[in-house]
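Q: Sending over a structure as structure tokens; questions will come in a sec.
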Amino acid sequence: MSKTRNLMIGLLLASVAPVGAAAAQTTNPAALAGASRLDAEIAAAKAAMMANPGAALTHARAAVQLSTTRPSPAERVTAELTGRWLEGEALVRVNRPLDAAPVLEAALVRVARHAPGTKLHGDLLKARAGAALVTGQSAFALEKLVAAHDLFRKLGEGRSQAVVLQQIGGLYQEAQDFEKALEYYGQSAEAYRHDPALSVANHNNRGIALKELGRLPEAEAEFRKALALARDIGSKSLQARILSNISSAELAAGKVDQADATARAGLKLAVGADAEWQPQLWGVRAQVALARRDLLSAKTYIERTFAGVDLATSTIGFRELHDTANRIYQALGDYPAALAHLSAAKRLENDARELAATTGSALLAARFDAANQQLRIAKLKAQQLERDKEIARSQARFERTLLFGGLAIGALLVIFGAMATAFVAIRRSRNKVKAANVQLTYAARHDALTGLVNRSYIRELLRERLDQRNAPAALMLIDLDRFKEVNDTLGHWAGDEVLRVIGQRLREALPDGSHAARLGGDEFGAVVPVGDVDVLSILSEKLIGLLSAPIALGGTQVRVGASVGIAVGGLHGANVEELTRNGDLALYHSKSTGRGRHSVYQAWMTAEANARRELEADLKHALAEDQFSLVYQPIVSAEDGALVAFEALLRWEHPTRGNIPPSEFIMIAEEAGIIRQIGEWVIRSACSEAMKWDPSVKVAINLSAVQVEAEGLVGTVLHALAATGLAAERLEFEVTETVFLRQGARTKATLDQLRALGVSLALDDFGTGYSSLGYLQRTEFNKIKIDRSFVQSAASGCQESLAIIQAIVALARSLGMKTTAEGVETEAEKALVSKLGCTQLQGYLIGMPEADSSEVCDRLVA
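All letters in the sequence shown, in the order written, are residues 31 to 892 by this note's numbering.
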């Protein structure tokens with residue numbers, strides 16, 4: 031990785047198509063002659079988007095308000111959605127991506143209904159991807175970008191397609207796959223060449239990728255092309271940004287004097303509204319002075335670089351400059367200053383590494399195993415084609431031999447010799463083709479990593495088995511548990527070795543006549559010549575035990591578990607499709623009821639799946655249509671009854687089914703991949719509500735295991751705190767022990783980062799299932815919440831529950847933690863848990879969950 035900082039030019043500047051020279055010169059709607067006020071507002075929003083996104087936001091919202099002036103319903107919808115698109119784009123540009131997300135999500139829901147497959151649909155997809163990229167949601171952004179690209183390609187929208195290709199290139203650049211980034215930048219340039227702003231971004235970002243690859247002359251050439259176009263556009267801001275990159279490339283190439291001169295030229299342009307690029311340019315001058323061993327000048331320049339910058343919260347753009355500052359201050363003997371910058375550099379380096387890893391994982395997942403298999407098959411087909419050509423050449427040689435068969439008798443021996451050679455060549459060529467065909471067939475039917483048959487071939491084998499009369503057949507679907515943790519903690523090489531071992535164990539454990547398959551990722555399957563459910567259940571438990579046994583990886587051992595779903599031919603389906611669908615439902619039941627178990631398909635699973643599917647479809651519209659709300663339940667001090675916090679509880683008011691409790695839809699939201707959007711809304715809304723309360727009162731928010739494990743949570747919290755002004759000390763997150771059951775590499779780091787922000791952590795429902803003191807050792811919790819079941823049973827005389835509460839209170843006291851007794855509904859329960867030493871109380875006796883938290887807060891605080 032280069033030690034100098036590069037400034038990418040994002041696609042924000044190029045993602046909204048230009049509106050013409052006249053419009054570009056003014057953002058005053060009245061000055062746009064001949065246009066309606068609505069059209070004028072839309073044009074003004076587009077014109078202002080790059081230079082003045084705040085003004086663009088105002089125009090976009092005005093366009094939304096004016097959309098009702100269109101004569102027909104279809105035109106009104108199109109006009110409103112166009113305004114929403116521009117509003118979302120502008121919100122991202124003014125650094126409000128979390129506000130942009132719901133605007134764009136709602137617009138996407140509506141455009142899918144009213145104008146699917148249109149350019150506006152693609153623009154909204156692309157804008158939603160842009161908001162996701164800013165908040166670090168790489169996988170989600172990639173999904174939207176690919177959808178937008180495919181749509182623009184069908185429509186022949188070359189410019190929009192080029193923008194998307196360049197954004198995908200940026201994703202690969204974040205993943206540090208610079209060669210792949212260059213490929214996409216090249217495709218972007220081919221797709222559209224007629225927009226100077228787009229070309230500026232393309233050349234600049236190509237230069238950055240080339241510089242990271244060490245191809246400095248090519249990088250500098252790309253930067254200079256970008257600079258020439260920026261001068262033609264007349265943008266001083268772009269010129270300053272690109273000059274910073276040029277000076278960085280020159281310095282990397284050892285051109286110290288040229289780098290200094292270029293940085294000084296950039297500083298002349300980075301004035302007034304464009305002064306935001308001064309720190310980077312001063313940073314390059316500091317690097318130049320350090321290279322010259324002019325430490326006093328280096329110190330002056332580096333101080334200007336970090337003027338007004340909080341070292342604890344500096345952004346990724348300062349990473350390399352923190353390293354420069356560290357070296358300067360060390361050389362000057364100012365070790366406290368050096369340490370401060372070194373700590374900041376390490377923090378940002380870790381952030382960059384995690385960003386590259388998570389982005390790389392998202393891109394890798396987008397390509398997945400099938401692509402690699404197709405590549406191998408394509409190579410084998412190419413080899414077969416070459417061998418076919420060899421046969422043709424051999425046949426031709428043979429025919430030429432026969433052509434001269436009438437030559438003189440004296441030449442017959444030569445002819446016979448040539449004929450023999452031709453026959454041998456043909457035989458050898460045919461043998462090669464035969465071997466290639468065998469190799470090609472094997473590759474098309476088998477998984478390269480494990481040697482097991484693949485998804486398509488296992489379906490073929492199952493179909494053959496079902497076609498045989500009176501031949502028992504069952505499909506077993508197997509999903510590994512905790513496999514992701516192996517990949518995250520030990521790397522993909524370890525994951526590959528685990529998959530190989532699992533494949534071998536599965537092959538050896540199945541009865542004769544069975545076929546084992548790897549279906550993709552950590553999913554396996556088997557076709558078994560057994561029709562007895564009891565026998566299959568015994569076999570499943572045997573497999574679960576065998577697959578859960580330790581696996582040696584070098585000097586360590588790992589364990590993965592397995593869940594199994596079973597569907598029996600004839601009993602649970604008559605064809606491959608039915609058996610696969612029902613086996614999936616049985617597997618889902620196994621995983622959702624605790625993992626490490628097997629389930630045989632039952633008819634009720636289909637009904638449950640249909641209901642779940644309907645609920646999922648409704649859930650995707652709930653956020654956009656404002657069906658969610660929050661209610662707040664008070665938590666008080668057991669000592670004096672003072673209000674200490676509210677717990678924010680999510681409610682879903684379904685338009686036809688009424689109130690649906692979170693227990694029925696949270697897991698569905700996790701599986702559907704929309705828990706992140708819901709969680710962002712909850713965090714932002716709860717923080718905003720908490721600003722209405724007394725400053726001594728906290729807000730507690732529940733986090734699911736999926737939220738903690740996913741990327742971007744810390745960024746979401748930071749944005750929510752910044753947007754609402756809530757102090758981090760007033761925010762508390764509640765997590766259950768399931769977070770640790772599926773703990774990946776990111777889980778502990780995320781919880782530690784939240785703690786570092788000053789946010790409190792509470793361990794919810796402690797003691798209900800998987801309790802371990804190790805959880806309390808690994809993460810620094812502030813509070814333990816005692817489940818209501820213990821509270822209520824202890825008050826009813828259960829000595830075991832009483833002992834559990836006493837133990838939890840004693841443990842918490844020794845660790846300096848608070849304890850909250852949940853579910854306090856009677857005076858007897860309140861008296862008991864208070865006597866046992868619980869420090870906080872929550873339950874219907876204390877207060878019901880209410881939407882109007884301010885009134886409750888005023889009453890209880892007073």
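Cβ atoms here follow ideal geometry from the backbone N, Cα and C, with glycine treated the same way. Nothing here was measured: the structure is a model prediction, and the numbers come from that model.
Since I believe residue 609 is in contact with residue 599 (beta carbons under 8 Å), could you give me their beta-carbon distance rounded to a whole number of angstroms?
A: Their Cβ separation, rounded to whole angstroms, is 6 Å, which keeps residue 599 and residue 609 in contact under 8 Å.
Q: Just checking my contact of residue 595 with residue 507 at CB under 8 Å: how many whole Å lie between their CB atoms?
A: Indeed they touch by this definition, with Cβ atoms about 5 Å apart.
Q: Distance check for residue 788 and residue 811, CA to CA, integer angstroms please.
A: Answer to the nearest angstrom: the Cα atoms are 12 Å apart.
Q: Please report the Cβ distance between residue 540 and residue 558, rounded to the nearest whole angstrom; I am assuming they are in contact, meaning their Cβ atoms lie under 8 Å.
A: Contact flag correct, Cβ pair sits at about 6 Å.
Q: I'd like the list of long-range same chain contacts for residue 375, defined as Cβ closer than 7 Å, with 5 residues on each side in sequence excluded.
A: Closer than 7 Å at Cβ, skipping near neighbours: 349, 352, 353, 356.
Q: Among all the DSSP beta bridges, which residues are the ones paired with residue 762?
A: DSSP, once it has assigned bridges, lists 730, 790 as partnering residue 762.
Q: Please report how far the alpha carbon of residue 873 lies from the alpha carbon of residue 708, in whole angstroms.
A: Distance between the alpha carbons of residue 873 and residue 708: 25 Å.
Q: Find the nearest neighbour of residue 877 within the set 889, 869, 587, judged by alpha-carbon distance.
A: Answer by Cα proximity: 889.
Q: Given this structure, state the Cα-to-Cα distance separating residue 824 from residue 830, to the nearest angstrom.
A: Their backbone Cα atoms lie some 8 Å apart in a straight line.
Q: When DSSP labels each residue in this structure, what does residue 689 get in the three-state scheme?
A: Residue 689 falls in the strand class under three-state DSSP.
Q: Output the boundary residues of the alpha helix (DSSP H) element that contains residue 72.
A: Counting along the chain, the alpha helix (DSSP H) containing residue 72 begins and ends at 67-78.
Q: Under 8 Å, do residue 314 and residue 277 count as touching if we go by C-beta distance?
A: For residue 314 and residue 277, yes; Cβs fall inside 8 Å.
Q: Cα-Cα, which of 146, 869, 664, 317 is closest to residue 290?
A: Residue 317 is the option with its Cα nearest to residue 290.
Q: Applying the criterion that 16 or more other CB atoms from any shown protein chain within 10 Å of the CB defines a buried residue, is residue 746 buried or exposed?
A: Residue 746 should be labelled buried.
Q: What is the DSSP secondary structure of residue 662, reduced to helix, strand or coil?
A: Residue 662: strand per DSSP, three-state reduction.
Q: Write down the C-beta distance between residue 226 and residue 263 rounded to the nearest angstrom, noting that I regard them as a contact closer than 8 Å.
A: Indeed, because the Cβ distance is near 5 Å, the residues count as touching under 8 Å.
Q: Can you tell me where the alpha helix (DSSP H) with residue 273 in it begins and where it stops?
A: From DSSP, the alpha helix (DSSP H) with residue 273 extends over 266-282.
Q: Closer than 6 Å by C-beta to residue 570: which residues in its own chain qualify, once you throw out the five before and the five after it? Chain order, please.
A: Cβ neighbours of residue 570 beyond the five flanking positions: 594, 628.
Q: DSSP beta-bridge partners for residue 471?
A: Paired residue(s): none; residue 471 is not in a bridge.
Q: For residue 701 and residue 258, I'd like the C-alpha separation in whole angstroms.
A: When rounded, the distance between both Cα atoms is 49 Å.
Q: So who's on the other strand from residue 509, going by DSSP bridges?
A: 553, 593.
Q: Please confirm if residue 513 has its CB atom under 8 Å from at least one CB of chain D.
A: Going by chain labels, chain D is absent from the structure shown, which holds only one protein chain.
Q: So, is residue 309 buried or exposed, given that buried needs 16 or more other C-beta atoms within 10 angstroms?
A: By the 10 Å Cβ count, residue 309 comes out buried.
Q: Taking only three categories from DSSP, how would you classify residue 817?
A: It is coil, neither helix nor strand.
Q: What separation, rounded to the nearest whole angstrom, lies between the Cα atoms of residue 875 and residue 868?
A: Each residue's alpha carbon lies about 16 Å from the other.
Q: With DSSP as the reference, label residue 796 as helix, strand or coil.
A: Three-state DSSP puts residue 796 in a strand.
Q: Would you call the CB atoms of residue 79 and residue 119 closer than 8 Å?
A: For residue 79 and residue 119, yes; Cβs fall inside 8 Å.
Q: Whose C-beta lies closer than 6 Å to the C-beta of residue 202 among residues of the same chain, with five residues either side of it excluded?
A: If we look at residue 202 and ignore the five residues flanking it on each side, its Cβ neighbours are 210, 211.
Q: Roughly how many angstroms lie between the CA atoms of residue 256 and residue 239, to the nearest whole one?
A: Rounded to the nearest angstrom, the two C-alpha atoms are 14 Å apart.
Q: Leaving out the 5 sequence neighbours to the left and right, which residues in its chain are closer than 7 Å to residue 652 when beta-carbon positions are compared?
A: Excluding residues within five positions, the ones whose Cβ falls inside 7 Å are 658, 682.
Q: Going along the chain, which residues of its own chain have a beta-carbon closer than 7 Å to the beta-carbon of residue 360, five neighbours each way excluded?
A: Excluding positions up to five away in sequence, the list reads 368.
Q: Between the Cα of residue 68 and those of 96, 715, 107, 114, spot the shortest distance and give me the residue it belongs to.
A: The shortest Cα separation from residue 68 among 96, 715, 107, 114 belongs to 96.
Q: Within a Cβ cutoff of 6 Å, which residues of the same chain sit near residue 730, ignoring the five residues on either side of it in sequence?
A: Answer for residue 730: 675, 677, 762, 764, listed in chain order.
Q: Taking only runs of the beta strand (DSSP E) that begin and end inside the segment 558-616, which ones reach a length of at least 3 residues, in chain order?
A: Those beta strand (DSSP E) runs which fall completely within the segment 558-616 and span 3+ residues are 581-583, 586-588, 591-598.
Q: In chain order, what residues of the same chain have a beta carbon less than 6 Å from the beta carbon of residue 581, not counting five sequence neighbours either side?
A: 528, 531, 588.
Q: What's the gap between the Cα of residue 845 and the Cα of residue 814?
A: Rounded to the nearest angstrom, the two C-alpha atoms are 11 Å apart.
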